[in-house]
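For the sequence shown, our numbering begins at 213 and goes up steadily by one. For reference, the structure is listed below as structure tokens.
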Amino acid sequence: MLFSGIGTEGQRRICEATVTLIGSGALGCVLADSMVRAGVGTVRIVDRDFVELSNLQRQVLFTEQDVRDHLPKAVCAANRLRQVNSQVRIDPIVVNVDFRNIRSLVSGSNLILDGTDNFEVRYLINDTSLETRIPWIFTGCTGSHGQMMPVFPHETACLRCLMPDPPPPGATETCDTAGVLGPAIGAIASLQAALAVRILAAGPTADASIASAAGISPSLTMLDVWDGTCRRIDVAGLRERAACPACHQGERLWLSGSRGSGSQVLCGRNAVQISPPEPVRLSL
213 MLFSGIGTEG QRRICEATVT LIGSGALGCV LADSMVRAGV GTVRIVDRDF
263 VELSNLQRQV LFTEQDVRDH LPKAVCAANR LRQVNSQVRI DPIVVNVDFR
313 NIRSLVSGSN LILDGTDNFE VRYLINDTSL ETRIPWIFTG CTGSHGQMMP
363 VFPHETACLR CLMPDPPPPG ATETCDTAGV LGPAIGAIAS LQAALAVRIL
413 AAGPTADASI ASAAGISPSL TMLDVWDGTC RRIDVAGLRE RAACPACHQG
463 ERLWLSGSRG SGSQVLCGRN AVQISPPEPV RLSL
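So this is what it looks like as structure tokens:
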């Protein structure tokens with residue numbers, strides 16, 4: 213490995229690492245491709261959805277044939293990426309992520325990557341990260357804008373330090389209201405992937421945290437590919453100032469199942485998915 217930021221030892225750590233990717237839509241496609249090409253030892257791809265024609269504008273691992281075959285996104289992504297690097301173990305998991313199964317989905321992971329398109333799952337990931345001490349990288353993209361922030365649990369600011377509660381419906385742009393530009397997805401997901409590789413290559417050491425070992429100063433990165441701007445906001449002191457109930461009081465509202473609407477707007481599909489707390493049988 214010629215790149216000095218990784219080196220031989222860093223590449224060894226990458227090859228031994230396990231990454232769980234939640235979501236294999238637009239962001240997830242770029243992330244999965246980058247992780248497999250980087251040689252991450254095990255890549256878990258978790259997504260409940262099937263490939264649809266409207267996905268092809270921005271979800272780069274899928275084709276029209278996948279639409280005709282009506283295959284799950286996670287399975288399609290795994291099939292394609294196994295042809296890229298057969299030495300990587302790729303585990304497609306077709307399931308809806310919720311508070312009942314997320315612990316088992318991320319078990320044994322070195323890093324969790326956010327490839328989702330809704331805040332409820334992100335707050336669930338945040339709770340799980342704090343509970344399991346597995347770092348994760350929050351990332352979102354709408355229109356031409358992207359944002360990203362790494363979370364090193366109990367070391368740096370978490371998502372609730374930044375936003376104590378999810379924004380109410382209609383308060384922020386979504387891909388349904390503002391669309392999403394393909395290059396914006398590629399740009400922010402590439403930054404996320406580069407940060408993931410940096411974290412995995414550094415790994416924890418006996419006398420340093422993961423963030424310190426990787427030389428990462430916690431920050432929120434925001435970019436706009438339409439006007440070509442990028443800025444970073446230092447969040448190093450936010451955890452102490454925010455008095456976050458998740459970080460400081462151990463509150464796990466989403467992981468316990470006590471928070472969450474049980475419904476999610478499906479981006480770009482003019483539909484809402486309803487997830488009842490208990491299985492129900494419907495006669496249609």
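We treat Cβ as the ideally placed atom computed from N, Cα and C, and that holds for glycine. Values in this document were obtained by computation on a predicted structure and should not be read as measured data.
Residue i - DSSP class collapsed to helix/strand/coil
i: Ser246; result: helix
i: Val287; result: helix
i: Pro347; result: coil
i: Arg256; result: strand
i: Leu233; result: strand
i: Gly462; result: coil
i: Thr340; result: helix
i: Gly320; result: coil
i: Thr275; result: coil
i: Thr368; result: coil
i: Gly352; result: strand
i: Val296; result: coil
i: Phe262; result: strand
i: Val333; result: helix
i: Ile422; result: helix
For residue i, the first and last residue of its enclosing beta strand (DSSP E)
i: Gln359; result: His357 to Val363
i: Pro304; result: Arg301 to Ile305
i: Cys442; result: Thr441 to Asp446
i: Ile324; result: Leu323 to Asp326
i: Asp436; result: Ser431 to Asp436
Classification of residue i by the beta-carbon crowding that lies within 10 angstroms, buried from 16 upward
i: Pro430; result: buried
i: Thr351; result: buried
i: Thr220; result: exposed
i: Arg270; result: buried
i: Ser321; result: buried
Length of the line joining the Cα atoms of residue i and residue j
i: Val164; j: Leu371; result: The first residue shown for the chain is 213 and the last is 496, placing residue 164 beyond what the model contains.
i: Asn267; j: Met361; result: 25 Å
i: Asp436; j: Phe331; result: 20 Å
i: Trp438; j: Ala406; result: 21 Å
i: Asn297; j: Val248; result: 6 Å
i: Gly449; j: Leu432; result: 12 Å
i: Asp303; j: Arg294; result: 10 Å
i: Ser421; j: Gly358; result: 27 Å
i: Gly240; j: Glu452; result: 32 Å
i: Gln277; j: Ala289; result: 13 Å
i: Ile226; j: Val252; result: 5 Å
i: Asp326; j: Arg345; result: 16 Å
i: Trp466; j: Leu393; result: 30 Å
i: Ala396; j: Gly355; result: 8 Å
i: Gly415; j: Ala454; result: 27 Å
i: His460; j: Leu243; result: 31 Å
i: Pro284; j: Ser236; result: 10 Å
Where the alpha helix (DSSP H) containing residue i begins and where it ends
i: Pro379; result: Neither: Pro379 is in no alpha helix (DSSP H) and is coded neither H nor E.
i: Cys456; result: No alpha helix (DSSP H) holds Cys456; DSSP gives it neither H nor E.
i: Gly222; result: Gly219 to Glu228
i: Arg410; result: Gly394 to Ala414
Inter-residue CB distance, residue i and residue j (contact presumed, cutoff 8 Å)
i: Ile314; j: Leu336; result: 6 Å
i: Ser333; j: Thr232; result: The sequence given here places Val at residue 333; Ser does not occur at that position. Actually they do not touch by this definition, with Cβ atoms about 13 Å apart.
i: Val279; j: Val263; result: 5 Å
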